[in-house]
Structures are given as C-alpha cells and as structure tokens.
Amino acid sequence: MASRKHILIIDDDPFIRRLFGAKLASAGFEVLYAAKGHVGREMARRFMPDLVILDINMPETDGYEIARLLRHERKTKDIPVVFLTSEDFSAEAEKAVKEVYVVDYIHKGIDLDEFIKRIKKAISAKNIDSERHQEKKVSDGK
Amino acid sequence: MNLQNIKIGTLLSIGIVGIIIVMISTTLYSNYLSNRAQEIIETSTTRIFDVLTIQRDVEELTSALDDLIVLVEQYELDVAKQEVSILFERAETTVHRGRTEQIFVESEAAQLEENLKEASDISGRIFELKGDLISRDFDYGQDYRNDFNQDPTKLDSEFDRLRNSKYRMFEVVNNVIKRSDGEFREAMGLVQRAQIVTLVVVGISFVFALILAYFLVRFAKKIYDLKNEFINIIAHDLRNPVTAIIGFLYMIKTGKDRSKKTLDEYINIIHASALKLRNQINNLLEVGRSEAGALKIELEPVDLSEVLDESVKRAKAIALALKMKIDYKKNTNLPKVIAEKNKIMDVIDNLISNALKYNRENGTVTIVSSVSEAKVTISVSDTGYGIPKKDKDKIFKKYSRLGGKSKKKRGTGLGLYTAKMLVEKMGGSIDFTSKEGKGTTFSVSLNIAEAK
C-alpha cells in the first residue's frame, strides 16, 4: 500500500472538524486540523497535504480568501482544495469557486460515505488550475 | 426590519415632498414672470397701436398743412379756405386721441396736445388772415399780392411756427415708440428668465430624483444583503450542530472503533451540539417575536443562583466536548432580581456559549456573581483573543461582522444581540471589557427585587 494520503481540514467549528476528521481517519487518511484560516494556510505550506478541505464561513479570514492565497503561492498552488460548507450553493459562490479553482464544493449535510467517495475523487483529480493552463497552451498552439 | 422600513419611508417622503415643493414654486415663479411679460407686451402693443394711429393723423395733418402752405403761396384762396376747415377738424380729432393716450404716456401726450393746439391756433390765424384778404373784395391777384408785398414777413413767420410744431410732434411720437421698444425688450427678458429658471429647476429636480433613486437602490441592496447575511448565519449556526448530531450518530452506528473512550467523546459532542442547537433556536424565536412585536416579558422575582446552576450544568456539558473548563462558585447570598426566569437563562446561556466559542483551545470560562447597591451583576469571562478596539461598537448588532480583510465575513450570530435585547427589556444592562490577546468579560446587571 502506498503511503497514506494527508488531508488538512480548515474549519472554525471544532465538532465539524472532529466529525469529518474522524470519518476520514476511519477511511484510512491521515488528518490535520486547523481552526483558523491563516493557521491552515501555514500548515498547508509546512506539511504539503494531498488535499485541503476548507470551510467558507469563518471569522477573520474566510475560505475564499484562503483558497485565493493558496493559489497565489507557488508552493501551495497545486494542492487541490475542496470547499465544505453549510451555506447553500449560490450563483455568487459558483463565481467565486471558478475564480479560486476549487476541485469540489461539498455541502456539510452530505452522507458521510458519499463524502469519502467525493474526497477520494477529488484527491486523484488533477488540479483544475493546471488543467486549465494545459488547455490554454493547447489552444494557443493552434 | 421595522426601523429600516421607517427610514426608507422617511427618505421617500422627504424626496417626494422636496421635488413637489421645488416644482410648485418654480411653476408659480415662472407663471408670474410670464404673466408680467404678457401684461407689459399687451400694454405696449395697445400703446404702439394708439401712437401709430396718432402718428398717421399727425402725418396727415402735417401734409395738409404743407398743402395749405402751397395753396396760400399760390393765392388759390378758395381752395385754401376749405383745406383749412378740414385741417381744423382733423386737428381736433388728433387732440382728442392725444388725450386718450395721455393715460399711458402722460408727458408726451401733454406735449402732443400742446403742439396740436398750437397747430390749430396757427391754422385759425391763417384762416382769419385769409378771411381778411377775401373781405377786402379786391381784384383777384394783383391787389392781394400787393398787400402781401407790404408785409411779407407776417405770413412767413406763421409758416415757420407751423413747421417747428410739426417736427416736435414727430419727436414726441418717436419718443413713445422708443419707450415701447424698451418695454418689449424688458418683456422678452422676463420670458427668457422664466425659461432659464424652468430649465434649471427641471434639471435640478432630475438630478435630485436620480440621487434619490440611487440611494433607494443602495438601501434596498443593503437590506437584501442583510437578509442574505441573516440567512447565512442561520444556515451556519443551525446546520452545523445538526450536521454534528447526525454525523456522530451515524459514526456510532457504523463506526469500527467502538471503544468507550471514542463513544463517550461522540456522545458528549452530540449532547453539546443539541444544547447549542436549542440555544440557537431560542435566539431565533426571540428575535422573530421581537420583530413581529410579539415579545412579552413577564417580570417576577428570580433567584439568579438557581438560573446559574442550570446554565452552568449545560455549559459544562458543552465545555466537556470542547475540552474546556468552566470555573463557577455558587454564591448563596444572591438576592432575587426582577427578571423572567427562562429569558434570563437564555441570556446567561448565550454569554457562556459565546465565551466558549471564542475561547482559546483548552481555555477556561469563569462565571462570577456579585451584589452592589441595588443590582446583581453576573460576569462571564473567557481566556480568548479579545475583541479588537475597532469592532467594539459592533458587538451587540444583530448582524455584526468582526475582523478580517476579505469581503465575506462571518457574523457573530444572534446570541449577543438577543442577550442585550432581553436584558434591556428586563430593565437591566449589559456591558463588556476586553483586552486584546487576554480575553473578554461580559457583565449583566439586573435590579434587585424589593423584599416583601
């Protein structure tokens, strides 16, 4: 078996962190936790996780901002990010998701087994950002 | 939302009343200017018409005088006699018109009248002179010429006077016309001014209406955003505990790790989440009631130590799941206060819940009660990061957003807003002190119930 995949959960709600963390751990992932956006960003830099699960609605720095910061830094820009939120998906959110290139947008009310499937898919998915760059290069070549 | 509705109503009515006042006053002013211009033009037109008639008469009169002069010079005295009588009648008519015109142009008319009188006097004298000549019954031609030759200057001087009078009359008429021209210009100026005023005011009203519309749209957007924010807070604060409860129940049912330690942890979290959920639902109901105007508080003497015991018991369950500590020593000497038991319990729950939420990891929440003068004060302190100075005014607002530079911010929820609203309805007060990096203390003071 290959080395265990590392997942960083950034969410200000301790119970939510614990719930999804416990589920991920039981599915064989190594889980890191951060209660604040900028702490999470620092941990992403230091530990280079295979996936970041990011809450949107957080005090101080929200999820959109953290996703943007991760994208803008050379070291962390290829780490896939998944939004995990209790907000309903809005047109505004859709726009923001496109702006910051997240791999998936998961609602917190999701069934936990379905959640693991989505996370496995997200972790194997190539970063949308780099895919876009490749697409762009191909179309530029024509 | 009531307050905001009043604001939008006030804004609308001020705007509309403003526009109506400006419109009415402009219409009145421009109406006044137009009316005055019309009056001036009418007067001036009548006068010009009259003066033109006089001018025509004067021209006829003077040309008749010219004819007379020629006739007399040629000695055709019979024809001259007729001409003089016609001339006399015309002169009288003109004098009459001059008097009518006097109403409008007094000085000029008087001058005119005088001149005409003079003209008719001269005519009369010529007439008499001619009469004398005829009554002599001399041989037509030679004798008359002789007679004239004896005193030629007599007739010449009369003719000079006639000519002068003619020129003066023309001068008078020209003056009147000149003055009317000036009045016309003034009237046109007034009309122009009315047009400019109307244009300017229509422009100002338009700009005013645009500004008003802009603010209304912005106001509507703000209310929309606030409502959206409110829904987001509810989504976050209600859904998260539900997610935790359902999720951990599912973990208990299906999880492989069934050790007592794990199960205990999950059950503690479920309990804490359910308590938080109840607290949130209570807040939502209180705010809903308050906005519907249906919030009623039934004041009674309340034993705060009982309330604190119950609240702390719940808080300990939440703190256990959060791995935090609650520091509370029961004060058995608390006098009863004026409050409603369930509502003050909601307040205390909110303050403790808030302190746990913003506390440091493994932090402590301390609950202290004290008596001073006519009040009992309950203080809830955390060991968290404190409230930044710039956010201190926002703390008790319904949709307050704290910290951060990014556009979207998390609201602090309804807890503190509800607490303040309830405490103030019970005649008490709520306040806080905060040291950045050290922690925050919220204090609720309630009036002591008089012993009966």
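So the protein lines, in turn, are chains A and B. So in the working numbering, spot 49 of the first sequence is number 46, and the numbers just go up one at a time. Just remember that the working numbering sits 1457 ahead of the position in the second sequence, which is counted from 1. Ideal Cβ placement from N, Cα and C applies to all residues, glycine included. Owing to the predicted nature of the structure, the values given are computational and were not obtained by experimental measurement.
Which bits of chain A does residue 1706 of chain B rub up against, with CB to CB less than 7 Å?
The contacting residues do not exist; residue 1706 of chain B stays about 10 Å from chain A at best.
According to DSSP, is residue 1792 of chain B helix, strand or coil?
In the displayed model, residue 1792 of chain B falls within coil according to three-state DSSP, outside both helix and strand.
Taking all protein chains shown into account, do 16 or more other C-beta atoms lie within 10 angstroms of the C-beta of residue 1693 of chain B, making it buried, or fewer, making it exposed?
Its Cβ being crowded by 16 or more others within 10 Å, residue 1693 of chain B is buried.
Count the other CB atoms, across all protein chains shown, that sit within 10 Å of the CB of residue 1822 of chain B; report buried if there are 16 or more and exposed otherwise.
buried
Write down the C-beta distance between residue 1505 of chain B and residue 1634 of chain B rounded to the nearest angstrom, noting that I regard them as a contact closer than 8 Å.
The pair is a contact, with the Cβ atoms about 7 Å apart (cut-off 8 Å).
Cβ-Cβ separation, residue 1494 of chain B to residue 1644 of chain B (assumed contact under 8 Å), whole Å
4 Å
Pull up the CB-CB distance for residue 1906 of chain B and residue 1764 of chain B, whole angstroms please, since I reckon it's below 8 Å.
The Cβ separation is near 14 Å, so there is no contact.
Three-way DSSP call (helix, strand, coil) for residue 1886 of chain B in this model
strand
Of all Cβ atoms in chain A, is any one closer than 7 Å to the Cβ of residue 1730 of chain B?
yes
Using a Cβ cut-off of 8 Å, pull out every chain B residue sitting near residue 25 of chain A, in sequence order please.
Neighbours of residue 25 of chain A on chain B: none; closest Cβ ~11 Å, over 8 Å.
With DSSP as the reference, label residue 1402 of chain B as helix, strand or coil.
Chain B is shown only over 1458 to 1909; residue 1402 of chain B falls outside these bounds and no answer can be derived.
Straight-line CA distance for residue 1470 of chain B to residue 1480 of chain B?
15 Å
Report the rounded CA-to-CA distance for residue 1866 of chain B versus residue 1713 of chain B, giving the unit in angstroms.
Residue placement at residue 1866 of chain B cannot be trusted, given a pLDDT of 42 that sits under 50; the coordinates are not used to answer.
So within the stretch 1741 to 1793 of chain B, which uninterrupted alpha helix (DSSP H) runs reach at least 4 residues, ignoring any that extend past its ends?
1761 to 1779
For residue 1669 of chain B, I'd like the list of residues in its chain whose CB is within less than 7 Å of its CB, leaving aside the five on either flank, ordered along the chain.
Within the same chain, and ignoring the five residues on either side of residue 1669 of chain B in sequence, the residues whose Cβ sits closer than 7 Å to its Cβ are 1472.
Answer yes or no: do residue 1852 of chain B and residue 1873 of chain B have a C-beta to C-beta separation smaller than 7 Å?
yes
Coil, strand or helix - residue 1843 of chain B by DSSP
coil
Excluding the 5 residues preceding and the 5 following residue 1491 of chain B in the sequence, name in chain order all residues of the same chain whose CB lies nearer than 8 Å to its CB.
Correct list, in chain order: 1647, 1648 and 1651.
The stretch 1742 to 1754 of chain B touching the stretch 1886 to 1898 of chain B, judged by at least three CB pairs closer than 8 Å
Contact between the stretch 1742 to 1754 of chain B and the stretch 1886 to 1898 of chain B is absent: fewer than 3 CB-CB pairs across the two stretches fall below 8 Å.
How would you list, in chain order, the residues of chain B whose beta-carbon sits under 7 Å from the beta-carbon of residue 109 of chain A?
1704 and 1707
Please report whether the beta-carbon of residue 1725 of chain B lies at a distance below 7 Å from any beta-carbon of chain A.
no
Contacts that residue 160 of chain A makes with chain B (C-beta to C-beta distance below 7 Å)
No information on residue 160 of chain A is available, as it lies outside the stretch -2 to 139 that chain A covers here.
Cross-strand partners of residue 101 of chain A (DSSP beta bridge)
A:79
Selection from B:1641, B:1550 and B:1625 that minimises the alpha carbon distance to residue 1498 of chain B
B:1641
Which residues in the same chain as residue 1827 of chain B place their Cβ atom closer than 7 Å to its Cβ, once the five residues preceding and following it in sequence are excluded?
1834
Does residue 1910 of chain B have its Cβ less than 7 Å from a Cβ in chain A?
A question about residue 1910 of chain B goes unanswered here, because the residues of chain B that appear run from 1458 up to 1909.
In the DSSP assignment, the beta strand (DSSP E) including residue 34 of chain A goes from what residue to what residue?
Segment 34 to 44 is the alpha helix (DSSP H) holding residue 34 of chain A; no beta strand (DSSP E) there.
Nearest-angstrom Cβ-Cβ length linking residue 1813 of chain B and residue 1761 of chain B, presumed shorter than 8 Å
Their Cβ separation, rounded to whole angstroms, is 20 Å, which puts residue 1813 of chain B and residue 1761 of chain B out of contact at 8 Å.
Would you identify the three-state DSSP class for residue 1492 of chain B, choosing helix, strand or coil?
helix
Look up residue 48 of chain A in the DSSP assignment and say whether it is helix, strand or coil.
strand
Could you pull the start and end residues of the beta strand (DSSP E) that residue 1832 of chain B belongs to?
1832 to 1838
Please name the residue or residues paired with residue 1903 of chain B in a DSSP beta bridge.
Under DSSP, residue 1903 of chain B shares a beta bridge with B:1833.
Which one of A:61, A:65, A:96 and A:82 has the shortest CA to CA distance from residue 112 of chain A?
A:82
Considering just the uninterrupted stretch of the alpha helix (DSSP H) at residue 1808 of chain B, what are its terminal residues?
1798 to 1814
Answer with buried or exposed for residue 1715 of chain B, where buried requires no fewer than 16 other C-beta atoms within 10 angstroms of its C-beta.
exposed
Is it buried or exposed, residue 1657 of chain B, if we count other Cβ atoms within 10 angstroms and call 16 or more buried?
Classification for residue 1657 of chain B: exposed.
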